[in-house]
Amino acid sequence: LPDVWYARTFLTNDYASKGWTLDLDPLVERDALDVEDFWPAQVAQMQYEGELYALPYDFSDIGIYYNKDMFDEAGIPYPTDDWTWEDLAEVGEQFVVKNDDGTVSQWGLVLYPWSWVWMGILQANGGTIFNEDQTECTIDNPENLATLEFFQELRSKGIYPELGATPEGLDPFSNGLVAMAFQGSWATQSIRDRVGDAFEFDVAAMPYGTTGRRGITPAGGAWAIASTSEHPDEAWEFIKFLTSTE
């Protein structure tokens, strides 16, 4: 393994339990590193059995990007902070443009099948993935089935495209093919660059699920040191620098 590598925080348990990553707690204590300066939820993700195994790079979340110009032209109010998935479906359907042959040339929303995000959506609708002690998979439950059927209905109405339905090589949101995009905080700058001055956009919070909770599953990137590193002190100095404001 390299001395230092980029480690997704939701894989900390995998890496640490296999003995791949170095326990950083002794180094944190030695140098009095202020771990409380980091986002608490990410610190929890970078720990395994109470020990810290990485330092943070970023911490990402998901929102709904929306094309304000398309909303204005259609006379549709912008999303509010208290909207639900049913509200999103109602709004998205108003942007669907179907051709004479039944194909769709404009959609309401673009979705991405990231498993770590969908876990949050399922749970916000009352579903579970594992039992409380993490020993049994419980994904086959009525609540999850209802959620998946809901999104299947959205797709059947043309509210969001199947993968491959939009022109290859084009970002659907930046090119005005969809009014909304289910996208991460990491995408803001790249979307700004692609959109330029073509239209105005903003970001709304994720909709509420049936439980009254939002389907939010934040995760991040981090820097880990290989347990086999022959240069742990140098690697430690390097990841401290990488994670610093400097």
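Going from the sequence shown to this note's numbering is simple: count from 1 and add 1044.
Note that CB positions come from ideal geometry on N, CA and C, so glycine has one too.
All values derive from a computational prediction rather than experimental measurement.
Taken in chain order, the complete alpha helix (DSSP H) segments of 4 or more residues contained in the region 1203-1278 are 1232-1239.
Around the beta-carbon of Leu1214, fewer than 16 other beta-carbon atoms lie within 10 Å, marking it exposed. Across the structure, Gln1150 and Tyr1122 are spaced so that their CA atoms are roughly 18 Å apart. In summary, Val1141 is exposed, with fewer than 16 beta-carbon neighbours lying within 10 Å of its beta-carbon over all protein chains present. Taking a cut-off of 8 Å for Cβ pairs, the region 1260-1274 and the region 1158-1175 touch, as three or more such pairs fall below it. Under DSSP, Ile1106 takes part in a beta bridge, and its partners are Gly1228. Considering only Met1114, Ala1088, Ser1061, Asp1069, the residue with the shortest C-alpha distance to Val1222 is Met1114. For Leu1045, the three-state secondary structure derived from DSSP is coil.
Here DSSP, grouped into helix, strand and coil, assigns Ser1149 to strand. DSSP places Thr1124 outside both helix and strand once states are collapsed to three, so it counts as coil. Here the C-alpha atom of Leu1077 lies approximately 44 Å from the C-alpha atom of Leu1132. Spanning the alpha carbons of Gln1091 and Ala1060 requires a straight line of approximately 9 Å.
With respect to Tyr1109, Phe1282 sits apart: the two C-beta atoms are not nearer than 8 Å.
Taking the Cβ atoms as the reference, Val1135 lies roughly 16 Å from Pro1205, outside the contact range of under 8 Å. Cβ contact annotation for Met1224 (same chain, cutoff 7 Å, sequence separation greater than five): Ile1108, Tyr1109, Tyr1110, Gly1136, Gly1152, Leu1153, in chain order. A distance below 8 Å separates the beta carbons of Thr1191 and Gly1171. In the three-state reduction of the DSSP assignment, Asn1169 falls in the coil class, being assigned neither a helical nor a strand state.
Cβ neighbours of Gln1138 within its own chain (closer than 8 Å, five residues either side excluded): Ala1118, Ile1120, Gly1152.
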